[in-house]
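In my numbering, the protein residues as written are 4 to 82.
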């Protein structure tokens with residue numbers, strides 16, 4: 004079984020890698036660094052919004068996993 008610190012580090016690494024890949028995807032699709040566009044109905048705006056929602060969901064998932072790992076650690080310490 005992995006150590007708790009190892010599990011947390013792996014989760015954080017995966018989260019950061021996923022965010023970086025999504026940002027690269029946006030930049031490649033747009034052809035330039037991601038910037039705010041005036042036309043909110045533009046397909047890239049919709050994609051950016053979807054990516055941002057995905058990033059937020061990933062952050063919530065990682066936070067939940069951290070809570071589970073820490074809860075497991077607390078239970079194993081108690082007994």
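Just so you know, even glycine gets a beta-carbon here, dropped at the ideal spot from N, CA and C.
Notebook entry, point to check: Which residue's Cα is closest to the Cα of residue 15: 26, 63, 76, 80?
Noted result: In the chain shown, residue 15 corresponds to position 12, counting from 1. Looking at the Cα atoms, 63 is the closest of the given residues.
Check: Is DSSP giving residue 6 helix, strand or coil here?
Finding: Against the chain shown, residue 6 aligns to sequence position 3. Coil.
Margin query: Below 8 Å on the Cβ atoms is my contact criterion, and I expect residue 50 with residue 29 to pass it. Report the Cβ-Cβ distance as a whole number of Å.
Written below: Counting from 1 along the chain shown, the entry for residue 50 is found at position 47. Counting from 1 along the chain shown, the entry for residue 29 is found at position 26. About 7 Å separates the two Cβ atoms, so the contact holds.
Margin query: Taking the alpha-carbon of residue 20 as reference, which of 31, 69, 61 has the nearest alpha-carbon?
Written below: Mapped onto the chain shown, residue 20 falls at position 17. Selected option, being the one with the closest Cα: 61.
Note to self: Taking 8 Å as the threshold (C-beta atoms), are residue 72 and residue 32 in contact?
What the structure shows: Translated into positions along the chain shown, residue 32 becomes position 29. Translated into positions along the chain shown, residue 72 becomes position 69. It is not a contact, given that the beta carbons lie outside the stated cut-off.
Notebook entry, point to check: Of the residues 54, 75, 82, which one's Cα is nearest the Cα of residue 23?
Noted result: Within the chain shown, numbered from 1, the residue matching residue 23 stands at position 20. Checking every option, the nearest Cα to that of residue 23 belongs to 54.
Next item on the list: Return the chain-ordered list of same chain residues with a C-beta closer than 7 Å to the C-beta of residue 7, the five sequence neighbours on each side being excluded.
Entry: As a position in the chain shown, residue 7 is number 4, starting the count at 1. Excluding positions up to five away in sequence, the list reads 72, 76.
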